[in-house]
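Quick notes on the structure that follows.
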Amino acid sequence: MEINPKKDTPIFVCYRTDKLVDVWKGLLKHNFLSCPVVLKEESKYFGFVDMVDIVKYLIAHFGPSNILGKEKDFWDLVEEEKTFATKTVNDVMTYPLSTRNPFHPVREGYSALAVVEALAKEELLHRVPVVDSNRQMFNLVTQSQVIDFLHKNVTRLGDKANMPVGEIKGVLKEVISVTEDSLAIDAFNLMVEKNISGLAVVDEHGALKGNLSLRDIKLISYDARLFWRLQQSVKNFVTKLRAEWQTKHGRPRKLKKVKATATLQEVIKVLSENKIHRVYIYDPTTKKAEGVISLKDVLLEIISS
């Protein structure tokens, strides 16, 4: 059985010489978080560029000026900042970014286990390209797709399906968090500093109230009014994201948390059905997060003996 049997889905790529503005528009338009980067002169894949990388570069480019605090359309800001308008993908694909978003392909016909092992063991790998004999990419397997596969084939997990997640190595640990009154931009900068993809949002007593993820940038509407939102509190930022999620999906976006006694198959179900990348493990007495289990944690446990 194949993890991702779809082979007719178009794959969008960009060149290192493409303008950042155009790539940003394309990612928003097609609702993508990233796309492969190609060396045009050699027709070889170089890596992936994430929407997150572009946003980080934009913040650094505009610097500490008040321009990011203006409630303006992003494209108007670009018109005002002529220097940025000429920036290309190459400007954000410098070392070590190229190693943070590696192009780690497998050939068609490789076993599903080979893909899962790569996604589980390679710390910075979140997607595995599938290439043909000419090294041309025609498919892509992500961590989320593997989780969906496991959810549909949970019986293949055997006894591990009923394993309490609190027993999984490394998931009960200090959870990096921000308070609701922190600025959103400070929260995103903390994720970059700690090299993590998500933060718990807590109240003044440390009780778990929500989650903020780098992937949340994907929910920003096409007018890209991201930058002035980054100057708002985390609480306001998350509230706005929830409203957009409700509009887009027709259902509320809720924080997902489980007790340490929850089983592995229960967590896989939550991850798959809610299309999320982490679930917090919380203490129902203190209301505080005592750990977090990610997609990679699940995959590591699946392949462990």
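Note that the numbering used here numbers the sequence shown so that position 218 is 216, with each residue one more than the last. For each residue, glycine too, the CB sits at the ideal point set by N, CA and C.
> From S142 to A116, what does the alpha carbon distance come to, in whole angstroms?
Replying inline: The alpha-carbon atoms of S142 and A116 are separated by roughly 14 angstroms.
>> Report the CB separation of K158 from L262 in whole angstroms; it is logged as a contact under 8 angstroms.
In response: 6 angstroms
> Quick one: is A260 buried, meaning 16 or more other Cβ sit within 10 Å of its Cβ, or exposed?
Replying inline: buried
>> List, from N- to C-terminal side, the alpha helix (DSSP H) runs of 4 residues or more that fit wholly inside the stretch 93 to 181.
In response: 95 to 98, 110 to 119 and 141 to 150
> What residue does the alpha helix (DSSP H) around L297 start on, and which one ends it?
Replying inline: L293 to I301
> Contact between the stretch 103 to 111 and the stretch 7 to 17: three or more CB pairs below 8 angstroms?
Replying inline: no
> Given a threshold of 16 other Cβ atoms within 10 Å of its Cβ, counted over all protein chains shown, does L138 qualify as buried or as exposed?
Replying inline: buried
>> Let me confirm a value: V53 is counted as buried when at least 16 other C-beta atoms fall within 10 Å, else exposed. Which label applies?
In response: Its Cβ being crowded by 16 or more others within 10 Å, V53 is buried.
> What does a CB cutoff of less than 8 angstroms around V268 pick up in its chain, not counting 5 residues either side in sequence?
Replying inline: K254, V256, I274 and V277
>> Tell me the DSSP secondary structure of L262 in three-state form.
In response: helix
>> Rounded to whole angstroms, what is the Cα-Cα separation between P62 and L212?
In response: Low per-residue confidence applies at P62: pLDDT is 49, beneath 50, and the placement is therefore not dependable, though the value from the model is reported in the following sentence. For P62 and L212, the distance between alpha carbons rounds to 21 angstroms.
> Is V87 closer than 8 angstroms to V35 when the C-beta atoms are compared?
Replying inline: yes
> Shortest alpha-carbon distance to I227 belongs to which of L297, I183, N29 and T81?
Replying inline: Going by the sequence as given, residue 227 is Arg instead of Ile. Looking at the Cα atoms, I183 is the closest of the given residues.
>> Can you look up F82 in the DSSP assignment and give me helix, strand or coil?
In response: In this structure, F82 counts as helix in the three-state DSSP scheme.
>> Classify I9: buried if its beta carbon has 16 or more other beta carbons within 10 angstroms, exposed otherwise.
In response: exposed
>> Going by C-alpha to C-alpha distance, which of D201, V47 and I300 sits closest to S287?
In response: Checking the sequence shown, residue 287 turns out to be Ala, not Ser. Selected option, being the one with the closest Cα: D201.
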